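Contents: one structure, followed by commentary.
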Amino acid sequence: MSKNTDTTQYPIAKSDSEWRVELDPTRFSILREAATERAWSGALLDEKRAGVYTCGACHAELFASNTKFDSGSGWPSFYESVNPDAVILKTDKSLFMTRTEVLCANCGSHLGHLFDDAHQTPTGDRYCMNSLSLDFKQED
Numbered sequence: 000m001s002k003n004t005d006t007t008q009y010p011i012a013k014s015d016s017e018w019r020v021e022l023d024p025t026r027f028s029i030l031r032e033a034a035t036e037r038a039w040s041g042a043l044l045d046e047k048r049a050g051v052y053t054c055g056a057c058h059a060e061l062f063a064s065n066t067k068f069d070s071g072s073g074w075p076s077f078y079e080s081v082n083p084d085a086v087i088l089k090t091d092k093s094l095f096m097t098r099t100e101v102l103c104a105n106c107g108s109h110l111g112h113l114f115d116d117a118h119q120t121p122t123g124d125r126y127c128m129n130s131l132s133l134d135f136k137q138e139d
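Just so you know, we're using numbering that gives the first Met the number 0 here: the sequence shown kicks off at 0 and counts up by one.
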């Protein structure tokens, strides 16, 4: 899904030109054009330290490290966001299937997808995120 079709008003609103200045081409492709990084390639997949995961575009806090789990999917996975208002969920009908896209509520950047197949977690949810859509801030 291209972000150009998203008419939602976000607290941080920038043009594609502005985002291109701030993000490298790969991050722009993932965060602003809803691309997906290759499984098992992300730097944050094996991150184990305590801290918070923030949006790779606007740095809003999205996920706490204590909700991260190994889903075996090849992407960082969390069972809930830091608060219900941190992310926006939208129906994604790309790739000939229906999925739930996860967007940063602060800037509208694409983060990944939500699946309800994590029965081993307290919520049953698996927020399957692209490493390149996130930054990690270690707890002090």
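The beta-carbon is built from N, C-alpha and C at its ideal position, and this holds for glycine as well. None of the values given here were measured: they were computed from a predicted structure.
8 Å contact criterion, which residue i and residue j should meet: CB distance rounded
i	j	result
T46	A85	According to the sequence provided, residue 46 is Glu. The question's Thr does not apply to it. Between A85 and E46 the Cβ distance is about 18 Å, and since that is not below 8 Å, they are no contact.
S132	S108	7 Å
Where the beta strand (DSSP E) through residue i begins and ends
i	result
L102	98-103
L88	86-91
V51	50-54
E60	60-63
Nonlocal neighbours in the same chain, by C-beta distance under 7 Å from residue i, ignoring five residues either side
i	result
R19	F27
Residue i vs residue j beta-carbon contact at 8 Å
i	j	result
I29	C57	no
R125	S40	no
S64	A42	no
F62	Y52	yes
Cβ neighbours of residue i in the same chain (closer than 8 Å, five flanking residues each side left out)
i	result
S1	Interpretation of S1 is limited by its pLDDT of 44, a score under 50 that renders its predicted location unreliable; the figure taken from the coordinates is listed afterwards. Excluding sequence neighbours, S1 sits near E32, A33.
Segment limits, alpha helix (DSSP H) that includes residue i
i	result
F27	24-32
R19	15-21
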